[in-house]
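Heads up, the thing below is written out as structure tokens.
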Amino acid sequence: MTTYVVRRLLLAIPTLIGVAVLAFVLIHIAPGGPVAALVGDRATPAQIAQVTHSLGLDRPLYIQFFAWLGALVHGDLGFSYVRQAPVTQLIAQRLPATLLLMGFALVISVAIAIPLGVVQAARQRTRFDRIASLAVFIAWSMPTFWFGTLLIALFAVTLGWSPVGGLQTIDTTAFDWPSRIAHLLLPAATLAIVSVAGWSRYVRGSMIEQLREDYTRTAIAKGLGPSTVLFKHVLRNALIPFITLLGSSIPGLFGGAVITESIFAYPGMGQLFWQAALNRDYATLLGMTVITGMLVILGNLLADIAYGIVDPRVRYD
Amino acid sequence: MTEAMPKRHALKLTSIAWAGLGWIVLAVVACTFAPLLLHLSATATDVANAYAAPSGAHWLGTDGLGRDELARVLVGGRITLSVGAIAAAVAMLIGTAYGATAGYYGGWVDTAMMRLVDVFLSVPTLFLLLFLAAMFHGSLAALMLVIGVTSWLGPARLVRGEVLSLKERLFVEAARAVGAGDARIIFRHIVPNAGGTIVTTTTFMVASAMLSETALSFLGIGVRAPMPSWGNLLSSAQSDLFAGAWWLIAPPGIAILATVCAFNFVGDWLREGRDEGVAGS
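Residue numbers (our numbering), protein chains in the order written: chain A, 3 to 319; chain B, 2 to 282.
Right under this line is the structure:
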């Protein structure tokens with residue numbers, strides 16, 4: 003087990019370097035490159051050359067890359083000239099809010115998707131299953147921003163049950179849990195809609211597959227009650243592959259956060275990335291891509307390890 | 002490995018797949034021909050008639066500049082449907098070539114190519130999409146390309162998986178025995194046999210490319226105004242709602258939802274049909 007974890011960690015390093023190279027290359031193939039965004043459209047060639055030189059951007063690309071990588075190892079992600087702040091600080095300010103949002107969305111998704119998938123599988127091909135499947139398809143096909151706006155129109159504007167957006171009520175600067183949670187419900191529901199749809203379909207399919215297995219027939223033949231078979235035997239086995247799905251859903255959640263955070267004016271990573279892309283704030287884009295990549299790789303690693311703990315058939319070699 | 006070819010199951014159209022196919026045909030035909038037949042203009046403004054509710058003259062009402070909403074939805078459909086189709090085609094071309102090459106050669110080529118896919122998968126697709134769309138914002142062709150080049154990972158993995166099993170089949174050995182080169186074997190023999198997977202995946206890719214168009218248009222870096230698309234009609238309808246123009250929100254919303262659903266229904270039906278075909282072989 004330890005060797006497996008160490009090996010997986012070592013394998014994660016080239017992937018992470020790959021992410022850094024990918025982000026670096028993308029930024030340098032962008033029209034104008036990093037300098038154009040800094041000096042504006044009306045700069046003279048001499049000004050451009052001067053800024054390029056003072057930032058060290060006229061050095062060969064690989065030297066720039068290794069300089070940046072060396073700083074990264076020391077926890078320095080560079081400086082955002084657009085925001086006049088270190089990138090590490092910008093990310094540190096916003097990452098907790100986004101992780102909270104993603105965590106909430108995950109809880110909502112699991113709480114809805116698993117029971118829905120289980121009931122659909124248990125009542126396969128009934129009217130309930132058909133209607134639920136149709137609803138899931140509609141949820142899956144819905145533009146996220148539209149769903150978010152519908153939620154605002156219904157719960158915030160018409161019913162007045164929930165705030166329209168933001169992080170928490172502005173009159174306090176202290177961390178205010180009830181207000182934070184009230185501000186999280188609608189964004190988390192919006193972020194969760196895609197995973198609720200995808201996962202409930204997955205759980206349904208996985209349950210149906212397990213229901214056909216011999217061990218299920220044996221359990222029923224032994225005279226066990228339907229709920230014991232369903233929850234103690236079938237569900238447990240159906241959920242094992244679900245762990246991998248959880249791990250691989252992290253990039254989608256970060257991506258979804260871009261749209262969700264911009265609908266609800268929620269100051270998180272997604273909003274930061276969007277603004278950085280519009281302002282061509284390359285240092286921030288690069289730093290965020292690497293930090294997100296790190297979290298994604300970590301998530302997949304944890305999922306793989308958890309899979310191994312839950313399913314003893316997995317061999318570490 | 003048995004050499005029995007999977008039986009060709011006559012795919013029975015379920016009612017939901019019928020509905021999906023019917024809607025797709027209807028949407029394509031209506032968006033292509035209706036604006037011509039009805040003599041509607043999507044760009045002619047008529048400020049005196051701004052925010053007019055649905056009536057005999059304007060079946061779906063008018064927007065803030067007095068443009069006919071029906072014409073804008075129909076012409077917007079041309080844009081969104083073509084973005085969906087062309088972006089999906091780009092993604093499938095890259096994904097199929099990449100996945101088939103990795104799967105066919107196997108070994109270190111496969112390992113290296115799939116490690117690169119892992120790298121791409123570690124960056125949220127929407128981040129890449131947003132970055133590229135912001136960089137190359139402007140033409141419709143750029144938008145189609147950007148959506149296409151950020152969605153080939155899924156198809157590449159699926160095609161690779163299919164090719165890994167197809168390359169062990171006798172017809173590949175037969176092709177090699179008559180002296181066919183690698184490229185010919187991959188693209189003339191193996192890829193056509195993976196047609197089922199490719200068609201099914203394409204259907205889902207069209208649906209997801211259309212959703213990408215709406216997301217980018219909402220974020221302001223998708224289809225550029227005044228050109229209508231379902232994405233930017235829907236996102237501008239949300240601000241029109243505050244002006245009291247309730248009739249603008251439903252048409253583009255329903256158009257996107259129904260069309261994306263339709264493609265997903267058809268894709269799901271194709272996939273299930275194939276799974277049963279394999280199970281019954």
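Think of the CB as a built atom: it goes at the ideal place given N, C-alpha and C, for glycine as much as any other residue.
Cβ separation of residue i and residue j, assumed to be a contact under 8 Å, to the nearest whole Å
{"i": "glycine 289(A)", "j": "valine 89(A)", "result": "4 Å"}
{"i": "tryptophan 231(B)", "j": "alanine 210(B)", "result": "Actually they are not in contact, since the Cβ atoms of tryptophan 231(B) and alanine 210(B) sit about 12 Å apart, beyond 8 Å."}
{"i": "proline 180(A)", "j": "leucine 103(A)", "result": "About 17 Å separates the two Cβ atoms, so there is no contact after all."}
{"i": "serine 197(A)", "j": "serine 111(A)", "result": "4 Å"}
{"i": "leucine 187(A)", "j": "serine 208(A)", "result": "Going by Cβ atoms, the distance from leucine 187(A) to serine 208(A) rounds to 29 Å, so no, they are not a contact pair."}
{"i": "alanine 279(A)", "j": "alanine 135(B)", "result": "4 Å"}
{"i": "phenylalanine 106(A)", "j": "phenylalanine 219(B)", "result": "22 Å between Cβ atoms; not a contact."}
{"i": "glycine 150(A)", "j": "threonine 192(A)", "result": "4 Å"}
{"i": "alanine 251(B)", "j": "tryptophan 24(B)", "result": "Not quite, the Cβ-Cβ distance comes to about 16 Å (not below 8 Å), so this is no contact."}
{"i": "proline 292(A)", "j": "leucine 74(A)", "result": "Checking the displayed sequence, the identity of residue 292(A) turns out to be valine instead of proline. 7 Å between Cβ atoms; contact."}
{"i": "aspartate 119(B)", "j": "threonine 17(A)", "result": "5 Å"}
Residue i, enclosing alpha helix (DSSP H) - first and last residue
{"i": "tyrosine 6(A)", "result": "4-31"}
{"i": "methionine 206(B)", "result": "196-219"}
{"i": "glutamine 2(A)", "result": "Since the first and last residues shown for chain A are 3 and 319, residue 2(A) lies out of range."}
{"i": "glycine 100(B)", "result": "70-106"}
{"i": "glycine 289(A)", "result": "284-312"}
{"i": "isoleucine 252(A)", "result": "252-265"}
{"i": "leucine 165(B)", "result": "154-167"}
{"i": "leucine 274(A)", "result": "271-281"}
{"i": "proline 47(A)", "result": "47-56"}
{"i": "tryptophan 248(B)", "result": "Careful: tryptophan 248(B) lies outside any alpha helix (DSSP H) and carries neither H nor E."}
{"i": "aspartate 216(A)", "result": "216-223"}
{"i": "arginine 177(B)", "result": "171-178"}
Member of the options whose CA lies at the smallest distance from the CA of residue i
{"i": "valine 79(A)", "options": "His30(A), Phe26(A) and Ile114(A)", "result": "Checking the sequence shown, residue 79(A) turns out to be leucine, not valine. Nearest option by C-alpha distance: Phe26(A)."}
{"i": "valine 121(A)", "options": "Val205(A), Ser264(A), Thr151(A) and Arg10(A)", "result": "Val205(A)"}
{"i": "phenylalanine 266(B)", "options": "Leu156(A), Gly254(A) and Leu136(A)", "result": "Leu136(A)"}
{"i": "alanine 32(A)", "options": "Pro228(A), Leu97(A) and Leu287(A)", "result": "Leu287(A)"}
{"i": "isoleucine 186(B)", "options": "Ile199(B), Thr201(B) and Lys168(B)", "result": "Lys168(B)"}
{"i": "leucine 248(A)", "options": "Leu303(A), Arg214(A) and Leu274(A)", "result": "Leu303(A)"}
{"i": "arginine 170(B)", "options": "Leu159(B), Ile191(B) and Pro156(B)", "result": "Ile191(B)"}
{"i": "alanine 35(B)", "options": "Asn50(B), Val76(B) and Val26(B)", "result": "Val76(B)"}
{"i": "leucine 141(B)", "options": "Thr260(B), Ala184(B) and Ser83(B)", "result": "Ser83(B)"}
{"i": "leucine 217(B)", "options": "Ala69(A), Pro145(A), Ile140(A) and Phe244(A)", "result": "Pro145(A)"}
{"i": "valine 21(A)", "options": "Phe128(B), Trp109(B) and Gly23(B)", "result": "Phe128(B)"}
{"i": "threonine 97(B)", "options": "Phe264(B), Ala51(B) and Ala184(B)", "result": "Ala184(B)"}
{"i": "phenylalanine 188(B)", "options": "Thr102(B), Thr81(B), Thr44(B) and Thr33(B)", "result": "Thr102(B)"}
{"i": "arginine 9(A)", "options": "Ala45(A), Val312(A) and Asp306(A)", "result": "Asp306(A)"}
{"i": "glutamate 163(B)", "options": "Gly21(B), Trp153(B) and Tyr105(B)", "result": "Tyr105(B)"}
Reduced DSSP category for residue i - H, G, I as helix; E, B as strand; rest coil
{"i": "aspartate 64(B)", "result": "coil"}
{"i": "tryptophan 270(B)", "result": "helix"}
{"i": "serine 197(A)", "result": "helix"}
{"i": "alanine 280(B)", "result": "Low local confidence applies: a pLDDT of 43 at alanine 280(B) is under 50, so the model's placement there is unreliable, with the coordinate-based value given in what follows. Note: alanine 280(B) maps to helix in three-state DSSP."}
{"i": "serine 82(A)", "result": "strand"}
{"i": "serine 1(B)", "result": "The structure shown has nothing for residue 1(B), since chain B only spans 2 to 282."}
{"i": "leucine 117(B)", "result": "helix"}
{"i": "lysine 234(A)", "result": "helix"}
{"i": "glycine 149(B)", "result": "helix"}
{"i": "phenylalanine 137(B)", "result": "coil"}
{"i": "histidine 190(B)", "result": "helix"}
{"i": "valine 75(A)", "result": "helix"}
{"i": "leucine 169(A)", "result": "coil"}
{"i": "cysteine 262(B)", "result": "helix"}
{"i": "arginine 315(A)", "result": "coil"}
{"i": "glycine 64(A)", "result": "Here the sequence assigns tyrosine to residue 64(A), which means glycine is not the residue at that position. Helix."}
{"i": "histidine 185(A)", "result": "helix"}
{"i": "valine 205(A)", "result": "helix"}
{"i": "threonine 3(B)", "result": "With a pLDDT of only 45 at threonine 3(B), under 50, the local geometry of the prediction cannot be trusted, and the value read off the model is given with reservation. Correct three-state label for threonine 3(B): coil."}
{"i": "glycine 254(B)", "result": "helix"}
{"i": "arginine 44(A)", "result": "coil"}
{"i": "threonine 112(B)", "result": "helix"}
{"i": "isoleucine 222(B)", "result": "coil"}
{"i": "leucine 122(B)", "result": "helix"}
{"i": "proline 228(A)", "result": "helix"}
{"i": "aspartate 183(B)", "result": "helix"}
{"i": "leucine 129(B)", "result": "helix"}
{"i": "leucine 144(B)", "result": "helix"}
{"i": "leucine 320(A)", "result": "Examination of residue 320(A) is not possible in this model, given that chain A is present from 3 through 319 alone."}
Partners in chain C for residue i, counting only beta-carbon separations shorter than 9 Å
{"i": "phenylalanine 139(A)", "result": "The chain labelled as chain C is not found among the protein chains of the depicted structure, namely A and B."}
Practice problem: Starting from the N-terminal side, write out each stretch of the alpha helix (DSSP H) that is 4 residues or longer and does not extend beyond the region 9-42 of chain B. | Solution: 16-38
Quiz item: Which runs of the alpha helix (DSSP H) spanning at least 4 residues fall entirely within the region 88-167 of chain A, listed in chain order?
Solution: 89-124, 129-142 and 146-153
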